[in-house]
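>
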Amino acid sequence: MDRSRILFHVPHASVHFPFQEGFTRPELIPPEVVKLTDHFTDQIFSCEGVEQLAAGFSRVFCDVERFYPDDQEPMAKKGMGFYYTQTDDGTFFRQEGVWKQRVYQEFYVPHHQRLEASVSQRLEAGGQCLILDGHSFSSVPFLREEDQNSDRPDICLGTLPFHTPQWLIDSAIEIFTQANLSVALNRPYAGSLVPGKFLDKDPRVFSLMIEINRRLYLVNDQHPQKDQILFLQKLVEMLILRIQSL
6 MDRSRILFHV
16 PHASVHFPFQ
26 EGFTRPELIP
36 PEVVKLTDHF
46 TDQIFSCEGV
56 EQLAAGFSRV
66 FCDVERFYPD
76 DQEPMAKKGM
86 GFYYTQTDDG
96 TFFRQEGVWK
106 QRVYQEFYVP
116 HHQRLEASVS
126 QRLEAGGQCL
136 ILDGHSFSSV
146 PFLREEDQNS
156 DRPDICLGTL
166 PFHTPQWLID
176 SAIEIFTQAN
186 LSVALNRPYA
196 GSLVPGKFLD
206 KDPRVFSLMI
216 EINRRLYLVN
226 DQHPQKDQIL
236 FLQKLVEMLI
246 LRIQSL
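Just so we're aligned, residue 6 is where the sequence shown starts under this note's numbering, counting upward by one.
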């Protein structure tokens, strides 16, 4: 597969807030951003010749990986749907109302429109599209996560039965295990991103979520180790080369 058919999706790397209206406890924003941001994933999932579609705003502002409407998103019951109203410890810090609708219309919808257009463009040009959904995760489970097992792998690969072929899983496992990293499938996180237009419908769209344990490149989940960031970026580049060779 040519790398022009591949698309990096990086939804949680930004710390930007387009506006803060609606937040009733603004002092809770900074620690929540530090805790929940997939720091430096926009650098790790970056290779020449591969388009990167990254959200330009913090997930605490708008989480584009959540399903809409809220009744389709399990985390919405915990105040953490696409529009976060609660912190990880359950503290209410944001009102809904007009601000929620504005975030949906001005940020959530346009992001998914861009994603759908990028996938469609690749299908029209080359007949296939591979989405690599790039994330990182804390070595310590968040309070609101279902999986509270503290024995977490270095790498979590999230798959979808319809969109993640075995050759893609095998390629990723090979690259990461050869680097002496532990790999788990769909643990602690499961699934991957496919635009709704194609989900469980179009077999030409492949998808794999790659979650990197932050202990590999951050000290105390915050302070970057530049050499490790570069090392992980090179592993991602090796995966791209492996996919190209198939």
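All C-beta atoms in this analysis are idealised placements derived from N, C-alpha and C, irrespective of residue type, glycine included.
In terms of residue numbering, what span does the beta strand (DSSP E) encompassing VAL15 cover?
Where VAL15 is concerned, the enclosing beta strand (DSSP E) stretches over 11-15.
> Among LEU221, ASP43 and ILE49, which has the Cα closest to the Cα of VAL65?
Taking only the C-alpha atoms, the option nearest VAL65 is ASP43.
> Taking all protein chains shown into account, decide if ALA2 is buried (16 or more other Cβ within 10 angstroms of its Cβ) or exposed.
Residue coverage of the chain in this structure runs from 6 to 251, which leaves residue 2 outside it and unanswerable.
> Who are the near neighbours of GLU242 in its chain, counting only those whose CB is closer than 6 Å to its CB and skipping five residues on each side?
Excluding residues within five positions, the ones whose Cβ falls inside 6 Å are CYS52.
> Would you mind listing the beta strand (DSSP E) stretches within the region 141-211 that are 3+ residues and don't spill past its ends, in chain order?
The qualifying runs are 160-163 and 188-190.
> Can you tell me whether PHE13 is buried or exposed, with buried defined as 16 or more other CB within 10 angstroms of its CB?
With 16 or more Cβ atoms within 10 Å of its Cβ, PHE13 is classed as buried.
> Let me check one thing: in DSSP terms, what residues is LYS43 bridge-paired to?
Looking at the sequence provided, one finds Asp at residue 43 rather than Lys. In the DSSP output, where bridge partners are listed per residue, ASP43 has none listed.
> So, using beta-carbon positions, are SER63 and SER19 closer together than 8 Å?
A contact, by the Cβ cut-off of 8 Å.
> Would you kindly work out how many angstroms separate the C-alpha atoms of TYR194 and PRO146, rounded to a whole number?
When rounded, the distance between both Cα atoms is 11 Å.
> Do ILE11 and ILE174 have their beta-carbon atoms positioned less than 8 Å apart in this structure?
Not a contact, by the Cβ cut-off of 8 Å.
> Among ASN185, SER155 and VAL210, which residue has its Cα nearest to the Cα of SER197?
For SER197, the nearest C-alpha among the options comes from VAL210.
> Could you check whether the region 215-224 touches the region 134-143, counting it as contact only if at least three pairs of C-beta atoms, one from each stretch, sit closer than 8 Å?
Yes, the region 215-224 is in contact with the region 134-143.
> Would you please state the rounded distance, in angstroms, between the beta carbons of ASN185 and THR164? I believe it to be under 8 Å.
Incorrect: roughly 22 Å between the Cβ atoms, too far for contact.
> By the three-class DSSP mapping on this structure, what secondary structure does LEU137 have?
Strand at LEU137.
> Identify whether VAL108 lies in helix, strand or coil by the three-state DSSP scheme.
Three-state DSSP puts VAL108 in a helix.
> Once the 5 residues before and after LEU128 are set aside, which same chain residues still bring their CB inside 7 Å of it?
Result list for LEU128: CYS134 and ARG209, in chain order.
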